[in-house]
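One structure is given below, encoded as structure tokens.
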Amino acid sequence: MASNFGFEQIEDSQICVVMVGLPARGKSLIAQKIVRYLKWLSVNAKSFNVGSYRRADTPQPTADFFDTGNAEGERLRRAAAEAAVNDMLRWFEREGGHVGILDATNSTRTRRAWIEERCKAKGYDVMFVESKCDDEELIMNNILEVKTTSPDYVGQDPEVAARDFRNRIRNYEKVYETIDEPHLTYVKLINVSSQVIINQVSNYLQTRIIYFTMNLHITPRSIWLSRHGESEFNVLGKLGGDANLSPRGMAYAEALPKLVKDSVGDKDITLWTSTMKRTIQTAKHLTYPKKQWKALDELDAGVCDGLTYEEIEKKYPEDFRARDDDKYNYRYQGGESYRDVVIRLEPIIMEMERGSDIMVVTHQAILRCIYAYFMNVPQDQSPWMEIPLHTVIKLTPRAYGTQEERFKANIPAVSTFRAKYTSANMGGEAAVVDAERAQPPVAGAQANGVITINDDVEAAPQKVGAVSVVESLGLNG
Ligand code: ATP
Ligand code: F6P
């Protein structure tokens with residue numbers, strides 16, 4: 001699909017991003033984050049993890065498999081790399097992929113030259129992203145955090161697994177050549193981007209990918225999201241506007257400091273609001289440093305601003321239907337689409353990636369887009385997610401995904417959720433006008449403190465009882 005990400009020229013460019021680095025340097029994590037970010041921006045991106053190809057033949061190798069003196073190991077590893085590259089090239093060709101990521105160690109000049117040759121032969125650009133890290137403590141933490149639970153070590157004693165993984169790294173170290181080929185396009189991220197070296201960057205998409213990777217960090221932190229308290233317009237079922245909070249909305253604003261404190265503790269957080277009265281009033285009693293962002297203002301409903309859904313259905317029936325047919329892409333006359341909102345939120349997401357603990361008080365459509373980024377929700381689903389009023393959502397990035405908790409204030413509010421192909425009564429009671437086609441909300445309201453973890457694979461959260469985990473696939477290369 002064509003991208004609106006301010007660079008139409010990406011339609012012509014197909015880039016293979018080649019990860020480089022010793023094991024346990026965060027390559028898979030960086031690769032998955034690039035994919036999530038680009039897909040959120042409608043760039044067709046996919047990661048090809050050589051480890052999962054290798055596992056087809058060798059599910060549980062020991063460290064000596066990775067010794068270059070092991071001829072059979074070398075042959076199987078080479079075959080896995082070939083299979084991944086072949087699949088990636090096919091994906092570029094058949095599915096019009098824009099950014100294919102080859103996630104493997106790619107740690108020798110010979111291997112990089114071979115990948116470059118294969119890609120260039122087909123006319124694809126090649127760019128290398130190397131993660132270098134010599135912080136032994138961090139590497140040991142990485143091993144314990146993600147490697148001992150990798151499919152490579154299923155059923156094994158974590159201590160034995162950690163020791164074996166260290167030996168695996170030693171075998172790679174014997175032949176590892178950091179990237180310094182002068183003709184290659186590359187970014188070298190040293191010790192989690194405390195130093196960054198960039199070489200031979202030639203186009204805008206590459207610049208965006210590099211800028212994104214430079215902003216990634218792994219310092220633990222959380223992000224708190226809340227809609228504004230119930231507004232006078234919400235009570236009337238009207239869209240948009242710049243209304244004040246209703247009395248129940250004001251009660252939420254008053255309850256917010258305690259609700260937030262219970263979850264944030266004594267940490268210093270930064271508070272972001274939109275420039276609209278209802279978010280500023282909601283944040284009024286919170287004493288954290290505040291910043292207003294125009295980019296966080298609600299999706300602009302254009303000629304429909306100030307109308308109820310029922311009024312829109314009567315006045316603009318074709319628009320009403322067209323929006324439900326493709327809510328992500330539908331642009332209100334004189335207003336915005338969800339796609340437009342994502343584009344204006346891109347700098348916000350970049351700041352969130354760079355930043356530490358942040359609370360964002362904003363609006364329904366905006367929160368859907370931000371939530372979709374962190375939880376990897378596809379575009380056809382994100383505009384239909386239920387993000388209830390008077391609820392704080394806490395998102396905590398983890399190694400391969402994002403953990404979610406929801407905290408409800410015990411203050412009633414209307415529901416502003418409208419299901420697909422329905423019109424809504426005032427006060428948010430959905431009236432089904434076409435029961436056959438009506439669809440339920442994507443993410444339902446959850447009980448207080450319920451944890452959901454969504455990893456960076458292509459799936460929306462799946463609930464399994466109170467705690468849900470989507471298995472990370474093919475990540476532990
Ligand atoms: P392998 O070669 O075994 O596949 P990998 O390099 O792909 O390893 P990951 O599986 O992505 O490594 O490791 C994830 C771990 O790396 C996480 O614990 C994460 O916090 C950490 N990490 C993320 N980014 C970096 C970085 N730039 N430098 C070092 N560690 C990082
Ligand atoms: O109803 C509250 C509101 O924030 C409106 O101002 C906005 O137009 C709407 O939600 C966005 O939700 P949807 O995209 O589902 O219409």
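The numbers in the sequence shown follow the UniProt record's numbering, run straight up by one, and end at 477.
Every residue gets a Cβ at the ideal spot worked out from N, C-alpha and C, and that includes glycine.
From the DSSP output, in three-state form, read off S52 for me.
As a working mapping, residue 52 is identified with position 52 in the sequence shown. S52: helix per DSSP, three-state reduction.
In whole angstroms, give me the CA-to-CA distance for C16 and I349.
Start at 1 with the first residue of the sequence shown, and residue 16 comes out as number 16. Start at 1 with the first residue of the sequence shown, and residue 349 comes out as number 349. Whole-angstrom Cα-Cα distance: 24 Å.
Looking only at C-alpha atoms, which of W91, F212, G401 sits nearest to R354?
As a first step, residue 354 is located in the sequence shown; it is residue number 354 there, counting from the start. Closest by alpha carbon: F212.
Can you give me the start and stop residues for the beta strand (DSSP E) that N199 sits inside?
The sequence position of residue 199 within the sequence shown is 199, counting from 1. Segment 195–199, the beta strand (DSSP E) holding N199.
Neighbourhood of M352 by C-beta distance below 7 Å, restricted to the same chain and skipping five residues each side:
Taking the sequence shown and counting its residues from 1, one reaches residue 352 at position 352. Only I223, I358 meet the Cβ criterion.
Within 7 Å: the Cβ of P397 and any heavy atom of ligand 3?
Absence of ligand 3 from the depicted structure is noted, with ligand 1 and ligand 2 being the only ligands included.
May I ask you to report which of helix, strand or coil DSSP gives S231?
Taking the sequence shown and counting its residues from 1, the one referred to as residue 231 is at position 231. Note: S231 maps to strand in three-state DSSP.
Taking just the CA atoms, how far does Q364 sit from R344?
On the sequence shown, residue 344 is found 344 positions in, with the first residue counted as 1. On the sequence shown, residue 364 is found 364 positions in, with the first residue counted as 1. Distance from the CA of R344 to the CA of Q364, rounded to the nearest whole angstrom, comes to 15 Å.
Do L296 and V260 have their beta-carbon atoms positioned less than 8 Å apart in this structure?
Here residue 260 refers to the residue found at position 260 of the sequence shown. Here residue 296 refers to the residue found at position 296 of the sequence shown. No.
Does V260 come out as helix, strand or coil in the three-state DSSP assignment?
Within the sequence shown, residue 260 is the residue found at index 260, counting from 1. Helix.
Is D340 near R331, with beta carbons less than 8 Å apart?
The count along the sequence shown starts at 1 and reaches residue 340 at position 340. The count along the sequence shown starts at 1 and reaches residue 331 at position 331. Contact flag set, yes.
Could you tell me whether any non-hydrogen atom of ligand 1 is closer than 7 Å to the CB of P220?
Within the sequence shown, the letter at position 220 stands for residue 220. Not one heavy atom of ligand 1 is found less than 7 Å from the C-beta of P220.
Neighbourhood of E458 by C-beta distance below 6 Å, restricted to the same chain and skipping five residues each side
For this step, residue 458 is matched to residue 458 along the sequence shown. In this prediction, E458 scores a pLDDT of 33, lower than 50, which makes its location untrustworthy; the coordinate-derived value is nonetheless stated afterwards. So no residue of the chain qualifies.
Are the beta-carbon atoms of I169 and A24 separated by less than 8 Å?
Mapped onto the sequence shown, residue 169 falls at position 169. Mapped onto the sequence shown, residue 24 falls at position 24. Yes, the Cβ-Cβ distance between I169 and A24 is below 8 Å.
Could you tell me the alpha carbon to alpha carbon distance between P440 and R208, rounded to whole angstroms?
Indexing the sequence shown from 1 puts residue 440 at position 440. Indexing the sequence shown from 1 puts residue 208 at position 208. Only weak support exists for where P440 lies, its pLDDT of 43 falling under 50; the coordinates are left without a value.
Coil, strand or helix - D242 by DSSP
Locating residue 242 in the sequence shown gives position 242, where the first residue counts as 1. In the structure shown, D242 sits in coil (DSSP, three-state: anything other than H, G, I, E or B).
Where does P317 land, buried or exposed, given buried means 16+ other C-beta within 10 angstroms?
Translated into positions along the sequence shown, residue 317 becomes position 317. Looking at its Cβ environment, which holds fewer than 16 other Cβ atoms inside 10 Å, P317 is exposed.
Residues bridged to D157 [DSSP beta-bridge criterion]:
Along the sequence shown, read from residue 1 onward, the residue named residue 157 stands at position 157. D157 pairs with nothing; no bridge assigned.
How long is the line joining the alpha carbons of R90 and G100, rounded to whole angstroms?
Sequence index remark: in the sequence shown, residue 90 carries index 90 (1-based). Sequence index remark: in the sequence shown, residue 100 carries index 100 (1-based). The straight-line gap separating the alpha-carbon atoms of R90 and G100 is approximately 11 Å.
Closest by CA to residue 497, which one among P257, L239, P289, I190?
What is shown of the chain runs 1 to 477, which leaves residue 497 out entirely.
Does the Cβ of A24 lie closer than 7 Å to at least one heavy atom of ligand 1?
Taking the first residue of the sequence shown as position 1, residue 24 is located at position 24. Yes.
Can N27 be considered in contact with ligand 1, in the sense that its beta carbon sits closer than 7 Å to one or more heavy atoms?
The residue labelled residue 27 in the question sits at position 27 within the sequence shown. One detail in the question is off: residue 27 reads as Lys in this sequence, not Asn. For ligand 1, a non-hydrogen atom lies closer than 7 Å to the CB of K27.
Which whole-angstrom value describes the C-beta separation of A162 and I143, a residue pair presumed to lie in contact below a C-beta threshold of 8 Å?
For this step, residue 162 is matched to residue 162 along the sequence shown. For this step, residue 143 is matched to residue 143 along the sequence shown. The C-beta distance from A162 to I143 rounds to 5 Å, short enough to meet the 8 Å contact threshold.
Top-ranked residue by Cα proximity to E95, from M385, T62, A45
In the sequence shown, counting from the first residue as 1, residue 95 sits at position 95. The shortest Cα separation from E95 among M385, T62, A45 belongs to A45.
Enclosing beta strand (DSSP E) for I280 [first to last residue]
Here the question's residue 280 lines up with position 280 in the sequence shown. Taken as a continuous stretch (DSSP letters only), I280 belongs to no beta strand (DSSP E), being part of the alpha helix (DSSP H) at 277–282.
Considering only heavy atoms of ligand 1, does any lie closer than 7 Å to the CB of L76?
As a position in the sequence shown, residue 76 is number 76, starting the count at 1. Answer for L76: no, Cβ out of range of ligand 1.
Please give the ranges of any alpha helix (DSSP H) in the region 85–136, keeping only runs that are unbroken, at least 4 residues long and fully inside the region.
Whole alpha helix (DSSP H) segments, 4+ residues: 109–121.
The region 149–156 in contact with the region 404–415 per 3-pair CB rule at 8 Å
These segments do not touch.
Leaving aside the five residues before and after D135 along the sequence, list all residues of the same chain whose C-beta is less than 7 Å from its C-beta, in chain order.
Here residue 135 refers to the residue found at position 135 when the sequence shown is read from its first residue. These residues qualify, in order along the chain: N191.
Closest to P220 by C-alpha separation, out of P247, K267, D262, would be which residue?
In the sequence shown, counting from the first residue as 1, residue 220 sits at position 220. Ranking P247, K267, D262 by Cα distance to P220 puts K267 first.
Could you check what DSSP says for G302 in three-state terms: helix, strand or coil?
Here the question's residue 302 lines up with position 302 in the sequence shown. The three-state secondary structure of G302, taken from DSSP, is helix.
Looking at the secondary structure, which residues open and close the beta strand (DSSP E) in which E404 lies?
Here the question's residue 404 lines up with position 404 in the sequence shown. Per DSSP, the continuous beta strand (DSSP E) segment holding E404 begins and ends at 401–408.
For ligand 1, I want to know if T402 counts as a neighbour, meaning its beta carbon is within less than 7 Å of at least one of the ligand's heavy atoms.
The residue you call residue 402 lines up with position 402 of the sequence shown. In this structure, T402 has its beta carbon at no less than 7 Å from each heavy atom of ligand 1.
Tell me whether the beta-carbon of T148 lies closer than 8 Å to the beta-carbon of T279.
Counted from its first residue, the sequence shown places residue 148 at position 148. Counted from its first residue, the sequence shown places residue 279 at position 279. Not closer than 8 Å, so no.
Between D57 and K33, what straight-line distance do the alpha-carbon atoms span, to the nearest angstrom?
Translated into positions along the sequence shown, residue 57 becomes position 57. Translated into positions along the sequence shown, residue 33 becomes position 33. Straight-line Cα distance between these residues: approximately 27 Å.
Is the CB-CB distance between K277 and D242 below 8 Å?
Residue mapping note: residue 277 aligns to position 277 of the sequence shown, counting from 1. Residue mapping note: residue 242 aligns to position 242 of the sequence shown, counting from 1. Yes; because the gap between Cβ atoms is below 8 Å, this pair is in contact.
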